[in-house]
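Novice: There's a structure below that I have some questions on.
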Amino acid sequence: MEKVISVISEALYSYVLIIVLVLGGLIFTILTKGAQFRLFKQQIKSVTERPKDKKGVSSFQALMVSTASRVGTGNIIGVSTAICIGGFGSVFWMWIIALIGGASALIESTLAQIYKRKGLQGCYGGPAYYIETGLKCRPLAIVFSVLLILTYGVGFNMLASYNLQSTFEVFDFYNADITPWIIGGIVAILVGYCLLGGGKRMIKATSLLVPIMGVIYILVALVIVCINITSLPYVLKTIFVEAFDFRAIFGGLGGSCLIYGIKRGLFSNEAGVGSAPNASASAEVSHPVKQGLVQVLSVFIDTILVCSATAFMCMTSGVTPTADISGAQYVQASMSATLGGFGPIFITISMVLFAFTTLIGNLFYVDKAIIHICKKEPKKWIKNLYYIGFSILILFGAVLSADLLWNISDIFMGAMTLINIPVILILSKYAVRAINDFVSQKKQGKEPQFFAKNIGLTDNLDFWQEQVENKE
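Numbering of the sequence shown is given in this note's numbering, commencing with residue 33 and proceeding in unit increments.
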């Protein structure tokens, strides 16, 4: 089974997803006139907007939930694996996927805001809802929701659990037969406890932990790069030389820097996958584009900042990356070479925080997908039951094969992308019109307010049907 899954994953990423992701990202960049770059100031401003309802979810909180899912073990283990197997050139292709993927993130999160629904505890939505309402195709929406559950509740969470326990391998107390079960059990219990406390607790936990862990991690990485600053010119040169060594790339496409850069870049920033829109829809904003811009910022934070921090920290350390030390071992060896015994301890602590927020953020998405399939909020005992079930999967993820978990996650994520990208391409005209409407109002000195009919949208929406009075 592991061999079959590996073949499917390689075929999916070697041919299909390269075309879909790159072409889709370029089309969205052209349609939005490079909005992910030209509206950067608005991205920063939109993050600070507060909801009118004090109990509502702010743009910042929605950003933290999506960033909690994006910024995770993939930023450490995934980047390490890409460098060790694909080479330094993988980093360049991660950057490219993030830069053009920012346009995809803008489109999908704007659509999620446009088509969001009203609930008893605020608003909610995501790709399943814009598929169902915009395309009038509930069967496809259900398929997407099922894939999201499999991707985040099963694949990504089991992989995050494995990556977390793998960082303890460098310590003397580690026992390959027992330790993974113990660590997996502790993590499962902690996540289960947090989930049983409700959605608000998830948002508060991620809002607190994500900024702290992200800033500290980037600062430590920066210190290491500064200590090894003499290696930086060689690293930069190697990144670009290997990235454009097309003979090597196409001679062994499956293991090339291009494929690993795209695989791990997509796994890390998730632009176009259709995950972040589930968090975006929960934010209360005066214009859908505001939250779309916030999610572009999340993609840049994830790849341009956090992934690059890991990459340069490792590549400037002088430790030679090989397939034998790919994953946590390469990162820990790189930190040990510069910081001594503090390195492995710091990476382990970082992985605990990264994995914990990833697990909670992922199950926030799963919760929304289940609500979509059931057409209503499940009863509390049902929710508690599947929370316990997903917590048990976290336990088993800690003891399974790394290659199997990576490939399962890649396949499920790829399937989500193959549905989401064509859908947002079909519906992109509404997102583009909303962006133009937003920019037009900003040029007039107005605080942008959105009205669906202004962009020719006549679907039956829960929001945006009446002109919103500007109270600011």
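Even glycine gets a Cβ: it sits at the ideal position worked out from N, Cα and C.
1. Applying the 10 Å Cβ sphere with the 16-neighbour rule, what's the burial state of residue 352?
2. May I have a chain-ordered list of the beta strand (DSSP E) segments no shorter than 3 residues that lie completely inside the segment 130-206?
3. Does the pairing of the segment 172-187 with the segment 302-311 give three or more beta-carbon distances under 8 Å?
4. Could you compute how far the alpha carbon of residue 70 sits from the alpha carbon of residue 408?
5. When DSSP labels each residue in this structure, what does residue 315 get in the three-state scheme?
6. With C-beta atoms as the reference, is residue 346 less than 8 Å away from residue 112?
7. Between residue 382 and residue 247, what straight-line distance do the alpha-carbon atoms span, to the nearest angstrom?
8. Quick one: give me the first and last residue of the alpha helix (DSSP H) that residue 277 is part of.
9. Could you check where the alpha helix (DSSP H) with residue 454 kicks off and where it finishes?
10. Could you have a look at residue 496 and say whether DSSP puts it in helix, strand or coil?
11. Kindly indicate which three-state DSSP category residue 57 falls into: helix, strand or coil?
12. Taking just the CA atoms, how far does residue 243 sit from residue 172?
13. Going straight from the alpha carbon of residue 403 to that of residue 392, what length do you get?
14. Would you give the residue range spanned by the alpha helix (DSSP H) that residue 329 belongs to?
15. Which word fits residue 399, buried or exposed, when buried means at least 16 other C-beta atoms lie within 10 angstroms of its C-beta?
16. From the DSSP output, in three-state form, read off residue 410 for me.
17. Considering Cα atoms alone, identify which of 117, 293, 360 is closest to residue 192.
18. State whether the segment 210-226 contacts the segment 425-445, with contact taken as three or more CB pairs (one from each stretch) at a distance under 8 Å.
19. Below 8 Å between beta carbons: does that hold for residue 110 and residue 271?
20. Does the distance from the C-beta atom of residue 170 to that of residue 161 stay below 8 Å?
21. Looking at C-alpha atoms only, which residue of 344, 146, 54 is the closest neighbour of residue 321?
22. Under 8 Å between the Cβ atoms of residue 432 and residue 190?
23. Identify every run of the alpha helix (DSSP H) within the segment 333-369, keeping only runs that are complete inside it and at least 4 residues long; order them along the chain.
24. According to DSSP, is residue 286 part of a helix, a strand, or is it coil?
25. Can residue 313 and residue 166 be called in contact, C-beta distance under 8 Å?
26. Flag this pair as yes or no: are the beta carbons of residue 327 and residue 138 separated by less than 8 Å?
27. Verify the contact flag: residue 52, CB atom, against every heavy atom of the ligand FAD, threshold strictly below 7 Å.
28. With 16 as the cutoff for other CB atoms within 10 Å, does residue 394 come out buried or exposed?
29. Taking 8 Å as the cut-off, does the segment 128-138 touch the segment 372-379 (at least 3 CB pairs, one atom from each stretch)?
30. Once the 5 residues before and after residue 439 are set aside, which same chain residues still bring their CB inside 7 Å of it?
31. Just to confirm, are residue 53 and residue 129 a CB contact at a threshold of 8 Å?
32. In whole angstroms, what is the alpha-carbon distance linking residue 202 and residue 371?
33. Provide the residue span of the alpha helix (DSSP H) that contains residue 261, from first to last.
34. With DSSP run on the structure shown, which of helix, strand or coil describes residue 307?
Specialist: Reading off the structure:
1. exposed
2. 149-151, 154-156
3. yes
4. 39 Å
5. strand
6. yes
7. 11 Å
8. Here residue 277 belongs to no alpha helix (DSSP H), and DSSP marks it neither H nor E.
9. Run containing residue 454: 434-475, per the alpha helix (DSSP H) assignment.
10. It is coil, neither helix nor strand.
11. helix
12. Those two C-alpha atoms are separated by around 36 Å.
13. 17 Å
14. 320-332
15. buried
16. coil
17. Ranking 117, 293, 360 by CA distance to the CA of residue 192 puts 360 first.
18. yes
19. Not in contact: residue 110 and residue 271 (Cβ atoms no closer than 8 Å).
20. no
21. 146
22. Going by C-beta atoms, residue 432 is nearer than 8 Å to residue 190.
23. The segment 333-369 contains these whole alpha helix (DSSP H) runs: 340-347.
24. With a pLDDT of only 48 at residue 286, under 50, the local geometry of the prediction cannot be trusted, and the value read off the model is given with reservation. The answer is helix: DSSP assigns residue 286 an H, G or I state.
25. no
26. Closer than 8 Å, so yes.
27. Looking for the ligand FAD in the displayed structure turns up nothing, as the structure carries no ligands at all.
28. buried
29. At 8 Å Cβ cutoff, the stretches do not touch.
30. 37, 38, 41
31. yes
32. Each residue's CA atom was taken as its position, placing residue 202 and residue 371 some 15 Å apart.
33. From DSSP, residue 261 is part of no alpha helix (DSSP H); its letter is neither H nor E.
34. coil
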